[in-house]
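**Student:**
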Amino acid sequence: MRKNIAGTSPWEAVVGYSRAVRVGPVVQVAGTTATSEGVVLHPGDVAGQTRAALAIIEGALREAGAELRHVIRTRLYVTDISQWEAIGRVHGEVFGSIRPACSMVQVAALIDPAHLVEIEAEAYVWDDAAEGISGE
1 MRKNIAGTSP WEAVVGYSRA VRVGPVVQVA GTTATSEGVV LHPGDVAGQT
51 RAALAIIEGA LREAGAELRH VIRTRLYVTD ISQWEAIGRV HGEVFGSIRP
101 ACSMVQVAAL IDPAHLVEIE AEAYVWDDAA EGISGE
């Protein structure tokens with residue numbers, strides 16, 4: 001069964017996508033920026049934008065019946081790779097010992113020039129008792 005999770009991005013209706021989609025145990029979270037109700041949060045602050053984007057992702061996961069501990073992969077698109085350490089530190093703080101597979105790549109631009117980072121996440125929701133996996 002498929003469950004679409006809507007967000008607050010003004011681009012979702014225009015482009016025709018969902019913030020997240022869950023099919024069975026798999027949750028895919030779309031590219032997420034530090035945007036709320038069409039307003040870019042933390043302009044000029046790459047760490048703040050990373051933290052805000054990850055918080056939005058966490059909310060979408062929760063709505064899909066998942067948690068951060070279920071995230072198995074993230075992809076980070078950044079407009080200035082020289083800021084990798086600030087972005088990476090926030091990612092590390094948020095995920096801690098979960099340590100999903102991760103890629104970070106520089107892109108020429110994101111949809112709004114004020115965006116400094118965009119993050120995608122993939123999660124797999126397992127049954128701890130059945131699989132013997134703690135995820136942490």
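With UniProt numbering as the guide, the letters of the sequence shown map in order to residues 1 to 136.
Built from N, CA and C at the ideal position, the CB exists for glycine as well.
Would you mind reading off the limits of the beta strand (DSSP E) that contains residue 108?
**Tutor:** Within the sequence shown, residue 108 is the residue found at index 108, counting from 1. Unbroken run through residue 108: none, as it is neither H nor E.
**Student:** Should residue 85 go down as buried or exposed, given a rule of 16 or more other Cβ atoms within 10 Å for buried?
**Tutor:** Here the question's residue 85 lines up with position 85 in the sequence shown. Residue 85 should be labelled exposed.
**Student:** Does the distance from the C-beta atom of residue 35 to that of residue 9 stay below 8 angstroms?
**Tutor:** Reading the sequence shown from its first residue, position 35 is the one you call residue 35. Reading the sequence shown from its first residue, position 9 is the one you call residue 9. Yes.
**Student:** Which value, in whole angstroms, describes the spacing of the CA atoms of residue 125 and residue 103?
**Tutor:** As a working mapping, residue 125 is identified with position 125 in the sequence shown. As a working mapping, residue 103 is identified with position 103 in the sequence shown. Straight-line Cα distance between these residues: approximately 21 angstroms.
**Student:** Measure the C-alpha to C-alpha separation of residue 59 and residue 6 and round it to an integer number of angstroms.
**Tutor:** Taking the first residue of the sequence shown as position 1, residue 59 is located at position 59. Taking the first residue of the sequence shown as position 1, residue 6 is located at position 6. Those two C-alpha atoms are separated by around 11 angstroms.
**Student:** How would you label residue 109, buried or exposed, when you count the other beta carbons within 10 angstroms and need 16 or more for buried?
**Tutor:** Indexing the sequence shown from 1 puts residue 109 at position 109. By the neighbour-count rule (16 or more Cβ atoms within 10 Å), residue 109 is not buried but exposed.
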